[in-house]
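S.K.: Residue numbers (the working numbering): 93 to 567. Backbone N, C-alpha and C define an ideal beta-carbon position, used for all residues, glycine too.
#1: Look up residue 506 in the DSSP assignment and say whether it is helix, strand or coil.
#2: Report the three-state DSSP secondary structure of residue 361 (helix, strand or coil).
#3: Suppose contacts are defined by Cβ-Cβ distances below 8 Å. Is residue 395 in contact with residue 247 by that definition?
#4: Using the rule of at least 16 other Cβ atoms within 10 Å of the residue's Cβ for burial, across every protein chain shown, is residue 273 buried or exposed?
#5: Residue 160 to residue 428, Cα distance in whole Å?
#6: The beta strand (DSSP E) with residue 262 in it runs from where to where?
#7: Indicate the three-state DSSP secondary structure (helix, strand or coil) for residue 355 in the structure shown.
#8: Would you call the stretch 448-456 and the stretch 283-303 touching, i.e. three or more CB-CB distances under 8 Å?
#9: From the DSSP secondary-structure annotation, give me the bridge partner or partners of residue 294.
#10: Measuring straight from C-alpha to C-alpha, what distance separates residue 474 and residue 432?
#11: Our contact map puts residue 388 next to residue 244 with C-beta atoms below 8 Å; I'd like the distance itself, whole angstroms only.
#12: Please list, in chain order, all residues of the same chain as residue 562 whose beta carbon is under 8 Å from its beta carbon, the five residues on each side excluded.
#13: Rounded to whole angstroms, what is the Cα-Cα separation between residue 233 and residue 414?
#14: Checking 8 Å against the spacing of the C-beta atoms, do residue 380 and residue 327 come in under that value?
#15: Does residue 279 come out as helix, strand or coil in the three-state DSSP assignment?
#16: Please name the residue in 525, 255, 505 whose C-alpha comes closest to that of residue 554.
#17: Scan the stretch 508-555 and note each continuous alpha helix (DSSP H) run of 4 residues or more that stays entirely inside, going in chain order.
#18: Which residues mark the beginning and the end of the beta strand (DSSP E) in which residue 233 is found?
#19: Check for me: the alpha helix (DSSP H) holding residue 442 runs from which residue to which?
#20: Measuring only the C-alpha atoms, how far is residue 253 from residue 171?
#21: Do residue 258 and residue 357 come within 8 Å of each other at the CB atom, strictly closer than that value?
#22: With the cut-off set at 8 Å, would you say residue 338 and residue 372 are in Cβ contact?
#23: With DSSP as the reference, label residue 136 as helix, strand or coil.
#24: Contact check, residue 110 vs residue 135 under 8 Å by CB: the rounded distance?
#25: By the three-class DSSP mapping on this structure, what secondary structure does residue 180 have?
#26: Tell me the DSSP secondary structure of residue 312 in three-state form.
#27: Going by beta-carbon coordinates alone, are residue 420 and residue 545 separated by less than 8 Å?
#28: Look up residue 121 in the DSSP assignment and say whether it is helix, strand or coil.
#29: Give the DSSP-derived three-state secondary structure of residue 148 in the structure shown.
#30: May I have the straight-line CA-CA distance separating residue 112 from residue 133, to the nearest angstrom?
#31: Once DSSP output is grouped into helix, strand and coil, what is the label at residue 416?
#32: In or out: residue 552 buried (at least 16 other Cβ within 10 Å) or exposed?
#33: Output yes or no for whether 8 Å exceeds the beta carbon distance between residue 360 and residue 251.
#34: Ignore the nearest five residues each way along the sequence and tell me which others in residue 378's own chain have a CB closer than 7 Å to its CB.
#35: Are the beta-carbon atoms of residue 417 and residue 436 separated by less than 8 Å?
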């Protein structure tokens with residue numbers, strides 16, 4: 093067959109070699125295994141190198157373990173040119189080629205499930221899914237649901253299942269680092285798994301823009317439109333990026349309209365509700381607001397702890413060790429990095445990268461010292477004086493009460509809370525914190541920190557007070 097980039101330079105087309113190999117593999121592996129693992133792979137050529145590209149790393153690993161040796165034998169048997177064949181996941185391939193297959197610069201040599209052999213009924217060709225940019229680690233299995241995101245998670249699951257009665261379009265919105273990209277990636281992977289015959293297209297808005305501009309310059313706008321409007325499910329991440337870019341907004345508006353008129357599904361993410369993207373074209377903003385607008389709230393403490401535990405287990409599997417960390421270290425991370433899940437995971441990555449399998453032996457003071465560069469910026473903004481003022485105001489006290497000798501419960505508990513906040517939100521030592529609270533000993537501060545840690549697990553109101561104070565102090 094003629095590839096999208098021209099004829100293969102050798103006498104025997106690589107596509108013909110792969111067709112013959114697929115005939116034997118389908119017979120030897122069986123329809124179920126072949127359909128699950130090899131039917132979705134595509135043969136491509138870049139720079140003279142032939143690559144078998146799998147949609148996921150899981151599929152790549154299965155093929156490497158169970159079929160790669162046999163594929164090599166069949167390839168050598170049927171290829172008189174003696175060409176080599178490599179195996180990569182789509183993410184690996186696109187990271188090396190710059191994701192060129194969105195406009196088909198990378199040559200798709202053939203459809204691997206087609207066959208001309210009359211003895212075996214041909215499998216209908218599967219239309220390729222344009223999933224450039226999807227990250228394999230962002231799946232529903234690695235997504236941690238909680239009160240802050242459970243509705244968005246349920247909506248994404250429903251869309252991914254291709255259920256009837258869906259809202260269209262769906263817009264997930266939240267500030268940076270709250271899990272929008274993870275949710276869109278998970279939705280795309282699950283949608284492709286649930287209906288392999290469906291065409292799923294995932295793009296960041298930035299890539300939509302750059303690809304559209306390139307298509308205009310190369311006079312390939314018709315191909316660009318066909319690529320997107322043939323989608324059964326279109327996902328565009330960070331759609332607010334196109335706001336103010338008139339021609340790109342116009343193209344996105346017409347694409348959205350065409351897909352919705354055909355009953356296709358469209359999902360976007362943005363950093364705020366569509367109605368708040370005032371610089372966006374009014375027609376596009378109206379269309380985005382007409383479906384289901386679903387906000388993702390900041391992760392609460394319980395959700396942040398769940399994210400840390402899931403991430404820690406993942407890092408352990410990747411590193412080949414049983415990963416665990418002291419509870420006070422995880423609690424410190426959950427209470428200190430509240431603004432962004434990415435920052436939270438980044439802090440944990442830093443600790444594991446430094447300590448490896450010994451991360452479980454890391455003390456709270458050692459963790460704070462390792463993370464000091466991450467904390468320095470916040471330390472300049474948050475002082476113990478700030479904490480005392482905010483705590484006193486929150487509990488209806490005077491700042492002087494917190495450094496006084498008064499020991500009644502109405503003062504002692506807020507004082508302990510303020511000491512705990514000082515330990516979490518600054519890098520001051522225990523003796524230094526004690527001196528700032530009326531010259532108290534460091535053991536008094538340590539007792540306060542441990543007491544609050546124990547109480548907030550039992551006292552929901554105290555946990556809410558601490559959460560509110562933390563957010564107020566972090567701004």
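M.R.: In short, the structure shows the following:
#1: The answer is helix: DSSP assigns residue 506 an H, G or I state.
#2: In the structure shown, residue 361 sits in a strand (DSSP, three-state: E or B).
#3: No; because the gap between Cβ atoms is not below 8 Å, this pair is not in contact.
#4: With at least 16 other beta carbons inside 10 angstroms of its own, residue 273 counts as buried.
#5: If you draw a straight line from the Cα of residue 160 to the Cα of residue 428, it is about 47 Å long.
#6: Residues 262-265.
#7: Coil, per DSSP.
#8: With the rule of 3 Cβ pairs closer than 8 Å, the stretch 448-456 does not count as touching the stretch 283-303.
#9: In DSSP, residue 294 forms a bridge with 327.
#10: Their Cα atoms are separated by approximately 18 Å.
#11: Indeed, because the Cβ distance is near 5 Å, the residues count as touching under 8 Å.
#12: Excluding sequence positions up to five before and after residue 562, its CB lies within less than 8 Å of the CB of 427, 430, 513, 516, 517, all in the same chain and listed in chain order.
#13: Distance between the alpha carbons of residue 233 and residue 414 is about 19 Å.
#14: Taking C-beta atoms as the reference points, residue 380 and residue 327 fail to come closer than 8 Å.
#15: Helix at residue 279.
#16: Residue 554 has its Cα closest to that of 505, out of 525, 255, 505.
#17: Runs of alpha helix (DSSP H) with 4 or more residues, each lying fully within the stretch 508-555, are found at 522-528, 534-548, listed in chain order.
#18: Under the DSSP assignment, residue 233 falls outside any beta strand (DSSP E); it carries neither an H nor an E label.
#19: 433-447 is the extent of the alpha helix (DSSP H) around residue 442.
#20: Those two C-alpha atoms are separated by around 41 Å.
#21: It is a contact, given that the beta carbons lie within the stated cut-off.
#22: It is not a contact, given that the beta carbons lie outside the stated cut-off.
#23: Annotated three-state conformation of residue 136 is strand, per DSSP.
#24: With 8 Å as the limit, residue 110 and residue 135 qualify as a contact, their Cβ atoms being about 5 Å apart.
#25: Here residue 180 carries a strand assignment [DSSP, helix/strand/coil].
#26: Residue state, collapsed to three classes: coil.
#27: Yes, these two residues count as a Cβ contact at 8 Å.
#28: Correct three-state label for residue 121: helix.
#29: Reduced to three states, the DSSP call for residue 148 is coil.
#30: Approximately 15 Å, taken between the alpha carbons.
#31: In the three-state DSSP reduction, residue 416 falls in the coil class, being neither helix nor strand.
#32: Exposed: under 16 other Cβ atoms inside 10 Å.
#33: No, they are not a contact pair.
#34: If we look at residue 378 and ignore the five residues flanking it on each side, it has no Cβ neighbours.
#35: Not in contact: residue 417 and residue 436 (Cβ atoms no closer than 8 Å).
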